[in-house]
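A.B. asks: One structure, as C-alpha cells, below. Some questions next.
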Amino acid sequence: MANKNKLSAHQRSMALKGVLKRLKPYRLWVGLSLFCAAVSTVLTIWLPLLVGDGVDLMLGPGQVDFARLIPLIVFLFIVIVLTGVSQWLMNLCNNHITYCVTRDIRRESMEKIQTLPLSYLDAHSHGDMISRIIADVDQFADGLLMGFTQLFTGVLTILGTLILMFCVDVWISIAVVCLTPLSLFAAWFIAKRTYRKFQEQTRIRGRQTALVNEMVQNQKVVQAFGREETVQQEFDRINHRLTRCSLKAVFYSSLTNPTTRFVNNLVFAAVCIVGAFVVIAGGISVGLMSSMLMYANQYTKPFNEISGVVTELQNALACAARVLELVNDPAKVEDAPDAGEVVPDGRVEMQNVSFRYVPKRPLIQDFNLKVSPGQRVAIVGPTGCGKTTLINLLMRFYDVDAGHILVADKDIETITRKSLRAGYGMVLQDTWLMKGTVRDNIAFGKPEATLEEVVAAAKASYAHGFITRLPKGYDTVLGEDGGGLSQGQKQLLCIARVMLCLPPMLILDEATSSIDTRTEKKIQDAFAKLMEGRTSFIVAHRLSTIREADVILVMRDGRIIEQGTHSSLLEKKGFYHKLYYSQFAN
Amino acid sequence: MRRLLHFLSGYQKECILAPLFKCLEACFDLLVPLVTADIIDTGIANQDVGYVMTMCVVLIVLALVGLSCSIVAQYFAARAAVGFSGRLRQALFARIQGLSYTQLDQQGAPTLITRMTSDINQVQNGVNMFLRLFMRSPFVVFGAMILAFFIDWKTALIFAGVIPLLGAVVLGILYLTMPRYKKVQGGLDQVLSIVRENLTGVRVIRAFNKEPEQQARFDGENRRLTKLQIAVGRIAGLMNPLTYGLINLAIVVLLYVGGIQIDAGALTQGQIIALVNYMNQILVELVKLANLIVTISKALACANRVADMLEVPQDMEQPQHPVTPESLGTVEFQNVGLTYQGAGGASLSGLSFSVQKGQTVGIIGGTGSGKTSLISLIPRFYDATQGRVLVDGVDVREQSAAQLRQRIGIVPQKAVLFTGTIRENLEWGAPHAREDLLWEALKLAQAEDVVKNKPLGLEEKVEQGGQNLSGGQRQRLTIARALVKQPEILILDDSASALDYATDAALRTAIRGMKNPPTTFIVSQRASSVRHADLILVLEEGHVAGMGTHEQLLEGCPVYQEIYWSQFEKEGSGHGQQK
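Sequence order for the protein chains is A and B.
Sequential numbering from 293 applies to the first sequence in our numbering.
Sequential numbering from 60 applies to the second sequence in our numbering.
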C-alpha cells in the first residue's frame, strides 16, 4: 500500500497537472468553494473572540452589562448561522466538483479503452484496469473531497488563528508556537516507526491473500486430493505471523492520537499558565484569555488533521496517477487520415504477410493466400496452436508487421476499421453476451431490427426453441456474460447474432466441445446455411469441414506450417497427415 | 455480531480494560475545564501566582495520566481486535476446507475470498474502534453534562436540551444517508460490470463496430452514479454545519443564561468558561461518534456475512463407524439418481451399472448430460439423492471420505496446478513419493518431456495457476499427479481436451499397459477417446441412453451413432456428405 502509493517527483507533477486540467471546467465552482471556505474559516476564528467579549461583559454579581450583551448575542447568532450556511455551501461545491471530476475521468478512461489497441488490452490484466477505473477513481474522489475540504480550511485556520493570537497577546502566542511543533514531531516519529510494521503487515497479508485465492478457487481439487489439513496448516502458519505483526502495526499506529492529544493538553496548560500571568499583570482580560484557550484548541486541531490529509492527498494523487497513466497511454488505434470505405465482395488476399507478438518469436513469415468469394478456408491444428492469430490479423485487431492484407483489392490499412469489420461476421469460441435481454443480444449488430427479424434469425440458428422456453422468452434479461444459460445456448445466441447481420465474410470457430451432439448437428446445418456464397474462415474441429474446405491452413505453435487442400496435404505426409490419422489412433 | 462473540473469549480482560482505560482518560479530560475555571476564579481573581503554578502542574499531570491510560487502552483494544480477527480467519478458512461440493457451488469462490479477506479486515477494524470509542464518546458527552449540572443546574439545562437535539441530528443524517450510500455502491457495481463486460467482450464489440453504443451505455450509468453521489453528498454535507451551528447556538444561549446567573451571583466567570469548554468537548466527541457509527455499521454487515458463512451446516454426514473395505477396484451404481440442491430437475436418474477391477469405462454425451455428475459420485463429492454408489462393494456413505478419496485418482476438467515446484505439485498425490515413482507417473502421463525440457526438471517453479506452462503441459502434469497416487480407481474428466489426438491416444495406451492397471473412467466428448473402453455409457439428459461396447452401441444405440458419425464419417462414403 505504502509502496504502491509512492510517486516520483515527475509522476507527482504529471498527476497534479492532469488533475488540475480536469478541474478547469469547474473553476467557477472551485472559486465559489474557496470563497465559502474563506468566509466560514474567518467566521469560525472570529467566534471565540466574540464569546470572550461576552465573558468580559459578565464580571460578577450585579456586574453584568446586559445592554451590551444582548446586541452581542444577536450578532453572535448571525455569525453562527452565516458560518453554518457557508460551510454547507462549501460542502455542496466540493461534492459537485469531486463527483463531476471523477465522472469525467471515468468517462475518459472508458473512451480510452474503446480506442486502445487489442495488443494493449491482451497484454494488460483486466483486473488491474478495472481496479484503476473503479477503485482508484473512487479513492481519488474520497481523497480529493477530504483534501479540498480540510487542507484549505486547515491552513487558513492555522494562519488566521496565529494572526489573531498575536494580535491579542504576543507571549501566549509564542508559547503556543513553540509547543505545537512537538505535536507534529510526535506524529512524524510514530508514523516513521509504524511504517515498517505496516509494510511487513502488507507483505504477510499479501501472501495470505494469495494462498486464500489459490486454495479457495481450487477448493474442489484440494478436497479431491485430501489436502485440507496440509493447506490449513500452511494457512495457520501465515495467519499466526500476520496476527503477531498486525498487533504491533495496529498498536503503534494507534498511538498517534493519544500522543498528539497529549501535546495539545500541554499547549493548553501552557496557555493557562502564561495567560494567567499576563492577566494578572493586566495585559489582557479574563474573557480574552478564555478566547486564547479556545484558540489553543482550534489551532492544534488542523495540525492533526493536516497530517492525515496529506497522506490522504498523496494516496489520492497516486490513484489519480494510475488512472491517468491509463488515460494518457499513447497507444491508440486510429484509421489513416485518408482512410476510405470498402465494400467487401468476399475477396481476401494476404501478400507476404509477416507477424509476431513479441520481437523474439516470429510467428507468421512471408505468408501468401488468395481467397475468392464463397471459398472456405479451414484452419486446423492442435489446441493452443494460435489459430486466433489469424483472426486477429483478418479483423485488424492487430496490424501485420510486413506485407499486406487486401479485402476487395484494397489494403486493409488504407480503409476504416469500421467498414472492414462490418464486412465480417464472427462467432468465437469464447461466447460473449452482454447484460440485457435476449432480443438485445441477438440484435447487437443491428439494433434497429424488428422482432420478426430477430425471431427469424433465432429460428435459422436453432435458438428459437430454447428462447421460447425461457421465463420471458425474447425479453428474458441475461446476467453478465449470459449468466444462467448453458454454454451451448450461449453459442446459439452468438450464431443468431451473426445470422441477423449476414455480412459477406465469416469467421467461425467450430466450438464443438460445448454443444450437445444434437444441437451441434443442427448448428452444422446453420453454419452451412450461413456460409453459403460467403467467404469463410473456419477454425475447424470436424473432418467434414476440413474435407469440404477449399484451402486448409495447418497451424502449429502459432505458425502456419502447411497449406493446401485435404488430398494434397495428405499426399505431403507432413504434420497434417499425422494429425489426421491420429484421430483414428490404434 | 453476537454470533461471533465467542471468538473474543479469552480476551475478556482486554475487552473490559480497553474501554475502562478509555473512560479513565476521558475523566481526566473532563477535569481540565474545572481546573481552568479554578485558575481563573481563584488564581487570577486573587492574583495568586503560586496557585496558578500548582494548578498548571495539575493540568500537566492530568495530561500525563490521560496519555498513559490511553496507551494502555489502545494496547488492549489492538490485542483483542487482532487476536479476534486472527481466530476468526482461522475458523473461517477451516470451515471453507470442510464445505461440501454442493456448498462450494452455492457460495462461489469470489464470495468466499471476499469473506476471508476484506470482510474480516473490516470486522477487525470495527472491533478495534468499538472497544476504543463506544464507551468514551457517550461518557464524555454525558460526563460533560453531569459536571455542568454540578456547576449550575439552571444553565446545565441547556446541555440537557441540546444533547438530544444533536443526537437526533446525527442519527437522522446517518439514517438518511446510509441507505443512499448503498445505492451509490450499487451504481458503482453497475459501472464496474459494464467496464468488465467491455474488456472481456472487446473483440465482439469491435467486430460489430459497437464502441459508440457501449460508450453511450457506460455514460448513462456513469451519470446515474454521479447523480446518486451528489444526492447523498447533499445530505451528508449537512452534518458538520448543523452540529457546529447547534453547539454554538447553545453557547450563545449559555452566554445569555450565564449572564443572568452571574448577575444573580450563582455563577462565576471561570465557571462560564468551563461550561463553554464542555460544549466544545461535546462537539468533538459527537463528530467522532458519527464516524464510529458508520464504521461499526459497515463492520456489522461484514460480521453478519462472516457469521452466516461460519454457520453453514455440515451437509454431508460422515459415518459413525466407517467401514474400510478390501481394495478391490470395483464400482457399482444401483439405481442412482442425483438432484442438485436448488436445481429444477434431476441431473442423473436411474443409473445402474457395475465395473470390475482394471476395466475401462468410457462416458460420453453432450454438455449437461450428466457426465461429470456421474463421476463426482464415486469419490462422494456429492451424495446420491436416490439409490446407492458402491466402491469395493461398500456404499460410499459408509466409508470414511478421506480414505475413499485416497484410493481414487482424479484428473479434473480444469487443469489446476498450485504455486510451488513441479515436484511439490506431484506430491499432492502422495506426500514424499519416491523419485522413480514420480518419473513413472510422468512417463505414463506423457509428461516426461515436459519436465525434462525444463532447466530445473522437477524443481522447476510452477507460477500461480501454472501460468508458465501451456494448457497441454498443465493437463499432462495433472494426470501425472493423479497417477503418483497409484490409485485403485482413476477418473479422467474430459482431461484430454487440451491434448492433441496423438497424445490422447498414447496416454490411453500407456494406462492400459500398466502392470496393475486401475479401474479407469474416461469422460469425453470425443468418440475416439472412449471407443476402446470395455464399457461405454452413453448419457443423455441424465439417463443412460445406451450401454455396451463400441460395436454393440454402434449397432443399436441411435444417440451413440449420431455422436460417432458426426465425428467420423461413414467409411466408404468417400468425400463426406455434401450439404
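Think of the CB as a built atom: it goes at the ideal place given N, C-alpha and C, for glycine as much as any other residue.
Which runs of the alpha helix (DSSP H), 4 residues or longer, sit entirely within the region 514 to 590 of chain A?
C.D. replies: Entirely contained in the region 514 to 590 of chain A, the alpha helix (DSSP H) runs reaching 4 residues are, in chain order, 520 to 545 and 548 to 572.
A.B. asks: With 8 Å as the limit, tell me which residues of the region 107 to 124 of chain B have their beta carbon closer than that to any beta carbon of chain A; keep them in chain order.
C.D. replies: The residues in question are Val108, Val111, Met112, Met114, Cys115, Leu118, Ile119, Leu121, Ala122 and Leu123.
A.B. asks: May I have the straight-line CA-CA distance separating Leu433/B from Arg456/B, to the nearest angstrom?
C.D. replies: So the alpha carbons of these two residues sit roughly 16 Å apart.
A.B. asks: For Val663/A versus Val699/A, is the C-beta spacing smaller than 7 Å?
C.D. replies: No.
A.B. asks: Chain B partners of Pro550/A, CB-CB under 7 Å?
C.D. replies: Those are Leu126, Ser129, Ile130 and Gln133, listed as they occur along chain B.
A.B. asks: If you follow the alpha helix (DSSP H) that Asn184/B is part of, which residue opens it and which one closes it?
C.D. replies: Note, Asn184/B: alpha helix (DSSP H), Ile179 to Leu192.
A.B. asks: Taking CB distances under 7 Å as the criterion, tell me whether Ala610/A reaches chain B.
C.D. replies: No, no contact with chain B.
A.B. asks: Quick check on the burial criterion: 16 or more other C-beta atoms within 10 angstroms. Buried or exposed for Glu370/B?
C.D. replies: Flag for Glu370/B reads exposed.
A.B. asks: Between the Cα of Ala483/A and those of Tyr544/A, Arg529/A and Asn383/A, spot the shortest distance and give me the residue it belongs to.
C.D. replies: Comparing Cα-Cα distances from Ala483/A to each of Tyr544/A, Arg529/A and Asn383/A, the minimum goes to Tyr544/A.
A.B. asks: If I measure Cβ to Cβ from Phe444/A and keep anything under 6 Å in the same chain, skipping five residues before and after, which residues do I get?
C.D. replies: Closer than 6 Å at the Cβ level, and outside the excluded window around Phe444/A, lie Ala329.
A.B. asks: What residue from Leu342/B, Thr327/B, Gly329/B and Tyr240/B has the CA that sits closest to Arg293/B's CA?
C.D. replies: For the residues Leu342/B, Thr327/B, Gly329/B and Tyr240/B, the minimum Cα distance to Arg293/B belongs to Tyr240/B.
A.B. asks: Taking contact to mean at least 3 C-beta pairs separated by less than 8 Å, is the region 269 to 282 of chain B in contact with the region 245 to 257 of chain B?
C.D. replies: The answer is yes - the region 245 to 257 of chain B touches the region 269 to 282 of chain B, with three or more Cβ pairs under 8 Å.
A.B. asks: Which chain B residues are close to Val356/A, counting only those with a beta carbon under 7 Å from its beta carbon?
C.D. replies: The answer, in chain order, is Gly318, Ile321 and Asp322.
A.B. asks: Exposed or buried, Thr383/B, counting other C-beta atoms within 10 Å across all chains shown (16 or more means buried)?
C.D. replies: Per the 10 Å Cβ criterion, exposed.
A.B. asks: For Val634/A, name the three-state secondary structure that DSSP assigns.
C.D. replies: Reduced to three states, the DSSP call for Val634/A is coil.
A.B. asks: Report the rounded CA-to-CA distance for Cys361/B versus Val111/B, giving the unit in angstroms.
C.D. replies: Those two C-alpha atoms are separated by around 52 Å.
A.B. asks: Give the straight-line distance between the Cα atoms of Ala77/B and Asn184/B, rounded to the nearest whole angstrom.
C.D. replies: When rounded, the distance between both Cα atoms is 15 Å.
A.B. asks: Does the CB of Asn564/A have a neighbour CB from chain B at under 7 Å?
C.D. replies: What sits at residue 564/A in the sequence shown is Cys, not Asn. Yes - at least one Cβ of chain B is within 7 Å of the one on Cys564/A.
A.B. asks: Check distances from the C-beta atoms of the region 303 to 326 of chain A to those of chain B and list, in chain order, the residues that come in under 8 Å.
C.D. replies: If the cut-off is 8 Å between Cβ atoms, the region 303 to 326 of chain A has nothing near chain B.
A.B. asks: Would you list, in chain order, the members of the region 462 to 480 of chain B that have their beta-carbon closer than 7 Å to a beta-carbon of chain A?
C.D. replies: So the list reads Arg464, Gln465, Ile469, Pro471, Val475, Phe477 and Thr478, given in the order they occur along the chain.
A.B. asks: In whole angstroms, what is the alpha-carbon distance linking Ser325/A and Cys128/B?
C.D. replies: So the alpha carbons of these two residues sit roughly 41 Å apart.
A.B. asks: Spatial neighbours of Ile217/B within its chain, please: C-beta separation below 6 Å, excluding the five flanking residues on both sides.
C.D. replies: Within the same chain, Ile217/B has close Cβ partners Ala309, Val312 and Leu313.
A.B. asks: Cα-Cα, which of Gly439/A, Glu740/A, Phe440/A and Ser465/A is closest to Leu451/A?
C.D. replies: Among Gly439/A, Glu740/A, Phe440/A and Ser465/A, the Cα nearest to that of Leu451/A belongs to Ser465/A.
A.B. asks: Between the C-alpha atoms of Ser401/A and Ala565/B, what's the straight-line distance to the nearest angstrom?
C.D. replies: Going from the Cα of Ser401/A to the Cα of Ala565/B covers about 50 Å.
A.B. asks: For Ser646/A, does the three-state DSSP call read helix, strand or coil?
C.D. replies: Strand at Ser646/A.
A.B. asks: Can you find a C-beta in chain B that's less than 7 Å from the C-beta of Ala294/A?
C.D. replies: Confidence at Ala294/A is low in this model, with a pLDDT of 40, below 50, so the placement of that residue should be treated as unreliable; the coordinate-derived value is given next. Ala294/A does not count as touching chain B.
A.B. asks: Measure the CB-CB distance between Thr449/A and Thr592/A and report whether it falls below 7 Å.
C.D. replies: The answer is no: Cβ separation not under 7 Å.
A.B. asks: Pair every Cβ in the region 565 to 572 of chain A with every Cβ in the region 170 to 186 of chain B, then say whether three or more of these pairs are closer than 8 Å.
C.D. replies: Flag = no, the region 565 to 572 of chain A and the region 170 to 186 of chain B do not touch.
A.B. asks: In chain B, what lies closer than 9 Å to Ala502/A by C-beta?
C.D. replies: The answer, in chain order, is Thr478 and Gln523.
A.B. asks: Are Ala612/A and Phe736/A close, meaning C-beta to C-beta below 7 Å?
C.D. replies: Cβ distance not < 7 Å, so Ala612/A and Phe736/A don't count as in contact.
A.B. asks: According to the Cβ coordinates, are Gln667/A and Asp817/A closer than 7 Å?
C.D. replies: No, the Cβ-Cβ distance between Gln667/A and Asp817/A is not below 7 Å.
A.B. asks: Quick check for students: name the residue ranges of the alpha helix (DSSP H) that lie wholly in the region 534 to 603 of chain B, counting only runs of 4 or more.
C.D. replies: With a minimum length of 4 residues, the continuous alpha helix (DSSP H) runs that stay inside the region 534 to 603 of chain B are 560 to 571 and 586 to 589.
A.B. asks: Alpha carbon to alpha carbon, how far is Gly260/B from Pro271/B?
C.D. replies: Each residue's Cα considered, the two are about 14 Å apart.
A.B. asks: In chain A, which residues lie less than 9 Å from Asn17/B when you measure between Cβ atoms?
C.D. replies: Past the boundaries of the shown model lies residue 17/B; chain B is included only from 60 to 638, so the question cannot be answered.
A.B. asks: Checking contacts by CB at 7 Å: is Tyr70/B closer than that to chain A?
C.D. replies: Not an interface residue.
A.B. asks: Using a Cβ-Cβ cut-off of less than 7 Å, list which residues of the region 165 to 193 of chain B approach chain A; keep chain order.
C.D. replies: Listed by position along the chain: Ala168, Leu171, Ile172, Met175, Thr176 and Asn187.
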